[in-house]
Every structure is written in structure tokens, then in C-alpha cells.
Amino acid sequence: MSLLEMSGLTKRFGGLLAVSNFDLSLDAGEIVGLIGPNGAGKTTVFHLIAGFHAPTSGKIRFKGGSIVGSKPHAICRLGLTRTFQIVQPFAGLSVIENVMVGAFNRERDAVAARRLAGEIVDFVGLGPRRDLPARSLTLSDRKRLEIARGLATRPEMLLLDEAMSGLNPTEIDEIIGLIRRIHARGVSLLIIEHVMQAIMALSHRLVVLHHGEKLAEGAPGEVARDRRVIEAYLGEGA
Amino acid sequence: MIARAAGALAVAALVALPPLLPKYHLEVLISVLFWAYLGIAWNLLGGYAGQFSFGHAAFFGIGAYTSTLLLLQVGLTPWVGMVLGGALAAAFGLFEGYLSFRYGLKGPYFSLVTLAFAEMLRVVGVNTKAVGSSLGLVVPSTRAAPEMFMFSGKLPYYYIILAMGALALALTWKIGRSRLGFSLAAVRENEDAAETAGVDALATKLRAMALSSFLTALGGTFYAQYFAYIDPTISFGPGVSIGALLPAIVGGAGTVLGPVLGSFVLTPLSELTRYVLRGRAGADIMLYGAILVLVISFLPQGIVGLVRERRARAGRR
Amino acid sequence: MTGGLLLQAVVSGLLLGGVYGLVASGLSLIFGVLRIINFAHGAVMMLAMYTTYWLFALAGVDPYLSVILTAPLFFALGVVIQKVVIEPNRSAAEHNQLLLTLGLALFFENLALVLWQGDFRTVRVAYSNASFMIGEALVEVPRLVASGGAVLMAVGLFAFLRLTDVGKALRALAEEPEGAALVGINVARIRAAAFGLGSACVAVAGALITPFFYVAPDVAESFNIMAFVVVVLGGMGNFMGALAGGFIVGLAESLGAAFLPGSLKQLVVFMIFVLVLLFRPQGLFGGSRDR
Ligand SMILES: Nc1ncnc2c1ncn2[C@@H]1O[C@H](COP(=O)(O)OP(=O)(O)OP(=O)(O)O)[C@@H](O)[C@H]1O
Ligand SMILES: [Mg+2]
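The following block contains the structure:
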């Protein structure tokens, strides 16, 4: 049984078909990359999985049960959470407090939640900045914070939406390392990324989305050589 | 350390000094604590959860009317009546909150809905003979009967509102450090992010609503017993709604002590302007309006915000 | 309920509706561009009514004629309020700006109380009692003029917003705050213009009703809350919707008054208000504007 499975997933915004008849299945322990030109519908897929939008049609199952119609917090409690492409920290709270919000899902008690959060803050490398307000962080640190908050909910599956965009090569390398360590902790990942070397290096499998439809799927090497994929990217000038 | 000593001193003064105060000063102090209390109650929803209610008079009025009607009609002691009023107000708050939050109302839209609900209750009150219509209700207060929430002199009322304020403050403090407090902050800061972090935004806001409306209603009963008179405009009018939110905003919304500091500044200020400008109807409120504009302009984060900023600037964290 | 009474209620409602519509158009303009609920709107109206009153009482200026003076005067007041009080607090929390307007409202209302006491004043002009009948319904001429004038003014405002550069900039700002700044619109200036125009609208409404309405410091409080209702009904920031909303609320109120005892008519208005807020927060006429 796959961990996360969707079939016939479709989302229509008025006249626009943002996601069309999309199938995808992920096994526990996998890292799958979701790529595609701008506006392909990648973020929309995340919104659908995480419960932010209701699909127009289609099924989504997590750990065997349907999660269509569930609210994001309920899906999070089941063990699936996501990060946002445009980072959304709790700006007025400190780093550790941001992460504690997530930690309270697994720990009722504030002392335990703080301990768990502290551990995760260290894990993502924000230890030295744990008491700074989130609004004072650099973009790179905000991206880490976003990941830390998700991790604190102890997910089995984490969806990362462009965790590296806007970062410099050194920072990108650090995030790649971080993702590897997250995976090593037993978390399965679905990753949207425009940074090609990164996604090629990380993913066990790549899925290409174009105009809301699945264009290709397979091992990173194969997909990168796929003519249609190359055309899709060149055609968009991306 | 210094802050702690000052705090202990303030508490000691609040407990020990009032018996020595002249009547007028005691009344002002009761007023300060009363508005501080309502501010603390409002702060749970408006400050911590970030849902800016402009209609807390609805809960206040429900509290005042429930306990008073029960007292007048069936002779039930307001000590029990106030709990029933609180429960009723919480139920009403949940109804109002569920409707609003269910449909995603935020910011000014939520403010307007709460205002409208309070105004509706006011109109109903004015037009309902059974609750005294616009004439209001007089609470019997001739004899001293502690078991009926009736006392001779002001001092007992002072200690009651002091205790209510202290309890509400302790509750706020405790919530702020608990899971609920973090959920409230998360929802206030960013609802989508809160949801991805496993926070049930709707349930969180409803909890804040229930607590806040319950506490506000207790304030309504206190008011009815202390002033021995209520009418729909006093109880459900915008005056109480504004009076509840101002101390919190001026002191520092979403902070434990904010409403208290706010009330200790605002209430004496309004008493003072009233005293200085007596004999000139409206002059005091005119000045108050001007001061309000100035305070909001120069203390956008409230008194607590200013203190924090100063501290951060001084480099002491 | 006789047909005559019903007709009378409808006529009264329509006559009231135009004035509500103009008051609300001004409020809606301010909300649309500035995104703040202006609690001082009614107070500005009240000040305009006093201005009209004093122009009449001291200089014998006809209330309708005085519009020529009050409109620019209150435009200027609106600009000053925006520039001096609201604009400097732009970056503060949304509710802070609401409280600023609340402080202003308290200030203005009580300023009037201090200056002119609480007595009701009236402007008696030759046409104050003029009226005629439509079927069984009485139509008071000053109310008709007020409603008609209000509609004219509102239509003038729409034309202004559609046709002039400033108007287009106002609309751009209401629709796309960031975009407007990007295309080089002087945003602060346009915001001041919005507050000025909104205030001028409500001032004209105030002037138009003085021939048949009393003048007192708290006269406009009820108008203020009614204007919120109308604005929400029409869709916040939707100026045309506000005018239509004015008529709906005017009708609801006068029909409520005909059917219900006491002041319960207000209940009808508030219920419509809450229902619209909950189920169509974008207003009755709006598309799917985000909340
Ligand atoms: N809430 C919405 N309402 C209407 N259209 C939307 C909405 N969200 C997304 N869209 C549209 O759906 C399409 C897919 O958007 P989406 O954000 O999923 O793309 P993406 O693949 O994540 O792009 P990018 O790489 O730029 O982040 C776009 O055309 C977008 O404009
Ligand atoms: Mg995207």
C-alpha cells in the first residue's frame, strides 16, 4: 500500500483547469520531485493534498484513508504537512515559539513541546537564533523555520514547496543536506523545486507537470532526457 | 528583579490601601479595575486570538440582564445568576463566532458583525416590556446581603472586582503559556500557517470567543449589582464595547498586563478630564477623543509594546 | 395593512434611500481606497449640517445653495484628516486606524456639544412643508429634493471616478493597492483625495437633509451605522452598489416601521446586514471580491 496516493485529481478555477486528471502515488521512504514550468499547477497540487482547496474531482488517500474534504489541521495530525512557497512564519513569534506551535501536536505539555521544538530548531540549524522574532530572519532562515515548524508536527510525509528558491548556492547546498537528514529520519518527501541540480540529486523519482497534466514520470535521468519535457521547458522560455 | 519588586509593591498597595481611601478615590479605583477586567476579557479574543470584536456589549448585557432578571423574577442570587449569565453569553458568543468564523469573516467584517449583534440585542431590549424596555431595571440594593451580592459601602465591591481581575489575569497568564495560547497566537499571526502546523483555527477562535464572552458577562453582573441599575443602552450600547477594547489596545493587545496598564492610564484620565472640564457638557469626551487619537498615533503597540521596544533598543533581552 | 399605507412606506423608503445611498457612497469610497471603516463619517455629516444651519441662521443662505460652500469645505476637512491623522498611521494595525476614526468621531461630536449645546435646531425655509400626493402617498418636497440631489451627486461621483484621471487613479488604488503604486500613482495623494471626496459626499447629504431634519451633535450617529449596513450590502468599496444598497435599506427601514412596533424596524435592517455579511460578504452586487 502506498503512503500517499491520488487519482483523477482535478482542480478548476472558473475557466482555468489548474490540475487535470493527475495521478500520483508515493511509497513510504521515497523522495519524489514534482517539477514543471511556472503556472503548471504544482502548488495547486499541494493545496489539494494538504486540504487548502477541495478538488473539483478525484481521490486522495493518505495511509489508506481518504483525506478529501479534511481540513489542513486534521491532515497534519494524520502525519502529512507542507511548507509554503511564499514563506509564512508567525512573524510576531520567536523562532522557538514558531516551532512550538507545531510541536504541540505531539506534546500537550508546554515544557515537553519546548524541548521537542528546541531539538528541531537545532536540527535545522537555527539554534543560535532560537529567541529572535521570526520577522527578523533572513529568507534562508525563514525557509528553514518553515521546514522546522512542519517537522515539529512529526510528519510521516512532508511536502516542500520550493524550499530553495531565492537562496544562494551555499544555502542551497545546506538545504539539500537538511532534506537528506530529514529523509534519514524516516520522513517521506514530495518536493517542488525549480533548482534542477538539487531536484535531480535528491529525487528517487521525478514527476513533470505541464498545464495541469502529468507530462512525464520516471527516474530523474530518464525524465531529463524526455523530449516533451525539454520542449515544455523551452517552450515556456524557462 | 526591579519589575518584580514593583509588581509585588503594586499588588500589596491594591490590597492594603483602599480601606484608607476617601470615597471618591475608591470609586475611581473600582472603575479602573472594572474596565481593566473587561479589557482582560476582551483581550482573550481581540488581543490573543486577534479577532477584533466591536460588540462585546452583547455579552456584557446578557450577563447583566440574566442575573438581574433572575434576581428580580425568581429571587435567585446573582452569585449563581452570574454563572448562568456567563454560560448564556458564552453560548451566544459561540453562535456568533461559529457563524462568523465558519464563513471566514475577518478584520473589519468581523468587527461589524459583532457590532450588529450587540445593536440587535439593544434594539430588542428597548422594545421588550418584559425586560423593562428603555426604562431599564432597578436592582434592589437597600439592604446588605452578601449572599445576594449586595453590600453596604463600596469597599466589598472593590475587593470583588479586584478578585475577578486577578483571576482573569491569572487565567490569561496560564493560557498564554499553554497549548491554547500558542494556538491563539498562531491563528492571530497566520491562519493558513497555523492550520498546516496542526492548529484547528475554527476551534481555537471559538474557544477564545467562549472564554472571552463568559468573562465579559460576569463583568455585566458586577456592573448591575454595583450600580444597581441597567438599561439596554448602558448594557448593549457601543459604550461598553469600546470601553472593553480600549484598555487592551492602549495597554498592549495580546499581552497579559496590557489591559491593566491601559485602564490605569485611561480611566483616571477620563475621570480627570471629566473633573477638570465639569460644567461644560461634552468637553471631557472631546478631550478624551483627542487623547485617544494621540495615544493610538504615538503608541501603536500600546504601552507594553513601547516598553518592549525600549528594552530591545537598550540591548537587554 | 392598507394599500395606501404600503405605498406610503415605499415612497418614504425610496426618499430616505437616496440620502442613505449618498452617505454610504462616501463611506464606501473611503473604505475601498483606504481599507478602513470610518467611524467619523457620521460626525463629518453632523458638522456639515451645523455649517448649513449657521450659514442659514447667520447669513440667510439657502441650504441647497450652501452646498456650493460645504462640499469644498468638507473635501478640505477630509483631506486634512487623512493627511494629519490617518496617513501617518498607515503601517499600524488595521484596527488602530479604525480607532483613530473613532477618536475623531468622539472629538467632533463633543466639540459640537461644547460649542452649540445639545438642543435640537431646525432650518425652517419656505419649502420645508411643501408636499404633494401620489395616489394615497404623501411626498414631501424637501425629502424628494434631498433624495434626488443625493442620487445626482452620487451619479456625478461615479462619472468622476470613470472619466477623470484622479477618478481612475482612485479606482486603480481601490482594486490593486500595490499595482497602483507601481504604475507611478502618487498613492498618498490619492488616499487624501478619497477621504476628501467621501467627506464631501456625506457633507452634501447633510446639507440636503437640513430643511426637514433636526440638527444636533448626535444627529448622525444613526446615519453612521446605517451607512455601514448600506456599504456592506452594496459591497465594500463598490460605490454603485452603495447607492443601490441605500434604497434597499431605506425601503427595509420604512417597511419595517410600517409593519413593526417601536424601533424594531432597526432589527430588520441589522438582520439584513448580518445575513449579507455572513453569506455574501462581497455584497449583493459584487463579483467574487476577496474578503
Ligand atoms: N486560487 C486561485 N484562483 C484562481 N486561479 C489560481 C488560483 N491558484 C492558482 N491559480 C492558477 O492556477 C495555475 C497553477 O498555479 P500554481 O500556483 O499551482 O502553479 P505552480 O506550478 O506552482 O507555479 P510556480 O512554479 O510559478 O509556483 C496558474 O495559472 C494560477 O494562476
Ligand atoms: Mg508554485
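Chain order of the listed sequences is A, B and C. Heads up, the first sequence is in the working numbering, so the first residue is 101 and it goes up one at a time. Heads up, the second sequence is in the working numbering, so the first residue is 59 and it goes up one at a time. Heads up, the third sequence is in the working numbering, so the first residue is 2 and it goes up one at a time. Don't be surprised by glycine CBs; every beta carbon is placed ideally from N, CA and C.
When secondary structure is reduced to three states using DSSP, L139 (chain C) falls in the strand class. Residue-level contact by beta carbon holds for I354 (chain B) and chain C, with a gap shorter than 8 Å.
With fewer than 16 other Cβ atoms inside 10 Å of its own Cβ, S157 (chain A) counts as exposed. In this structure, A226 (chain B) keeps its C-beta atom at 8 Å or more from the C-beta atom of Y333 (chain B). Distances from the CA of G114 (chain A) to each of A:M101, A:S107, A:P155 were compared; the closest alpha carbon is that of A:P155. Residue burial is scored here from C-beta neighbours: F248 (chain C) has at least 16 other C-beta atoms within 10 angstroms and is therefore classed as buried. At a cut-off of 8 Å between beta carbons, G227 (chain A) makes no contact with chain B.
Within the stretch 102 to 178 of chain C, the complete beta strand (DSSP E) segments at least 3 residues long are 132 to 135, 138 to 141, listed from N- to C-terminus. Interface with chain A (8 Å Cβ-Cβ cutoff): N248 (chain B) is included. CA-CA distance, H311 (chain A) to G151 (chain A), rounds to 21 Å.
With a cutoff of 7 Å, K142 (chain A) counts as near ligand 1, since its C-beta is closer than that to a heavy atom of the ligand.
Identification of residues in the stretch 217 to 246 of chain B having a C-beta nearer than 7 Å to some C-beta of chain C yields an empty set. Between ligand 1 and A118 (chain A), a heavy atom-to-CB distance of less than 7 Å is present. Beta-carbon to beta-carbon, G242 (chain C) and G284 (chain C) are separated by about 5 Å, close enough to satisfy the 8 Å threshold. For R182 (chain A), the uninterrupted beta strand (DSSP E) segment begins and ends at 180 to 182.
Interface residue (Cβ-Cβ distance to chain C less than 8 Å): F110 (chain B) is classified as such. The C-beta distance from A275 (chain B) to I120 (chain B) rounds to 6 Å, short enough to fall under 8 Å.
Residues of chain B with a Cβ closer than 8 Å to the Cβ of E197 (chain A) are, in chain order, F240, A243. Excluding five sequence positions before and after L259 (chain A), the CB atoms of its chain that fall closer than 6 Å to its own CB belong to F146, R182, L290, given in chain order. With a cut-off of 8 Å on Cβ pairs, the stretch 143 to 150 of chain B is not in contact with the stretch 73 to 92 of chain B, counting fewer than three such pairs. Nearest neighbour of I247 (chain A) by Cα position, chosen from B:Y217, B:A202, B:A251, B:F272, turns out to be B:A251.
In the DSSP assignment, F113 (chain A) falls within the beta strand (DSSP E) that extends over 104 to 113. Secondary structure note for G133 (chain A): it is in no alpha helix (DSSP H), and the uninterrupted beta strand (DSSP E) holding it is 131 to 135.
The residues F112, G113, in chain order, have a CB closer than 6 Å to that of L173 (chain B) in the same chain once the five nearest residues on each side in sequence are set aside.
Shown here, Y281 (chain B) sits in a helix according to DSSP, grouped into three states. The contact set of M208 (chain B) on chain C, defined by CB atoms closer than 7 Å, is empty, because the minimum CB distance reaches about 33 Å.
DSSP links K314 (chain A) through a beta bridge to A:L309.
Burial check for N205 (chain A): the Cβ neighbour count within 10 Å reaches 16 or more, so the residue is buried. Note that the stretch 186 to 202 of chain A does not touch the stretch 264 to 271 of chain A; fewer than 3 beta-carbon pairs, one per stretch, sit closer than 8 Å. Between the stretch 35 to 47 of chain C and the stretch 221 to 236 of chain C there are three or more inter-stretch CB-CB distances shorter than 8 Å, so the stretches are counted as touching. In the three-state reduction of the DSSP assignment, I37 (chain C) falls in the coil class, being assigned neither a helical nor a strand state. The beta carbon of T126 (chain B) is closer than 7 Å to those of L195, V197, A282, I288 in its chain, skipping five residues each way along the sequence. Between L104 (chain A) and M257 (chain A), the beta carbon gap of about 6 Å places them in contact (Cβ cut-off 8 Å). Contact annotation: in the stretch 145 to 172 of chain A, residues whose CB is within less than 9 Å of a CB in chain B are A150, G151, F152, K171, P172. Remark: the shortest separation between the CB of Q188 (chain A) and any heavy atom of ligand 1 does not fall under 7 Å. Relative to ligand 1, N121 (chain A) has its C-beta separated by 7 Å or more from all heavy atoms.
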